[in-house]
Amino acid sequence: MIKLSITSWAEAQSLVKPLRYEVFVVEQKVPEEIEWDEFDEVAWHAIATADNQTVGTGRLIVTGHIAKIGRMAVQSSRRNQGIGKSILNALIQAAKEKGAQECILHAQTHAIAFYAKEDFEPHGPIFDEAGIPHVEMRLIL
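Heads up, the sequence shown is in numbering that gives the first Met the number 0, so the first residue is 0 and it goes up one at a time.
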């Protein structure tokens with residue numbers, strides 16, 4: 000059974016850092032020095048756990064009426080089981096509760112269809128972020 004919580008970086012850091020390292024730095028070759036940034040401390044972090052292990056995460060940064068979702072990651076052995084969708088929906092709900100009117104995210108191009116299923120729409124051209132092609136996607140809340 001998957002448990003999902005949203006918490007501060009102080010509580011999330013030790014739980015999400017190993018998974019983000021595994022997914023972004025090891026699997027996707029994102030330079031470690033850009034994986035961790037100043038936004039982690041001000042973001043809300045979704046944590047999906049199963050069998051006392053972190054299996055998924057994502058973060059939410061709310062600035063005024065705009066919420067930015069990012070750092071979405073699911074353990075490779077747990078993908079395609081609905082964990083990412085649950086995390087995304089929890090972050091969207093948290094954005095609404097915090098007064099956001101729009102969610103934006105930078106989707107890796109292979110994940111565009113995943114976000115489109117939750118009504119995010121591509122906005123603008125494809126761009127490079129950490130050596131990976133991305134596109135901005137938006138959802139009006």
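We put the beta carbon where it would ideally sit given N, CA and C, even for glycine. Note that this is a predicted model, so its numbers are computed, not measured.
Figure out for me which residue from Ile131, Asp127, Leu138, Gly130 has the closest Cα to the Cα of Pro121. Leu138
Could you give the residue range of the beta strand (DSSP E) that holds Phe126? 120–128
In its own chain, which residues sit with a C-beta less than 7 angstroms from the C-beta of Ile11, not counting the 5 before and 5 after it? Here residue 11 turns out to be Ala, not Ile, going by the sequence shown. Excluding residues within five positions, the ones whose Cβ falls inside 7 angstroms are His44, Ile46.
Whole alpha helix (DSSP H) elements within the segment 10–55, 4-residue minimum: 31–34
Would the segment 75–90 and the segment 29–40 be scored as touching if the rule is three or more Cβ pairs under 8 angstroms? no
Between the segment 107–127 and the segment 92–99, do at least 3 Cβ pairs fall closer than 8 angstroms? no
What residue does the alpha helix (DSSP H) around Gly69 start on, and which one ends it? From DSSP, Gly69 is part of no alpha helix (DSSP H) but of the beta strand (DSSP E) over 65–73.
Contact belief for Ile1 with Ile82 at Cβ below 8 angstroms, rounded distance in angstroms: 6 angstroms
Backbone CA spacing between Glu37 and Asp50 [nearest angstrom]: 30 angstroms
Give me the DSSP bridge partner(s) of Gln100. BP columns for Gln100 are empty, so no partner.
Sheet register partners of Lys2 (DSSP bridge): Thr48
Suppose contacts are defined by Cβ-Cβ distances below 8 angstroms. Is Ala72 in contact with Leu18 by that definition? yes
With DSSP as the reference, label Gln92 as helix, strand or coil. helix
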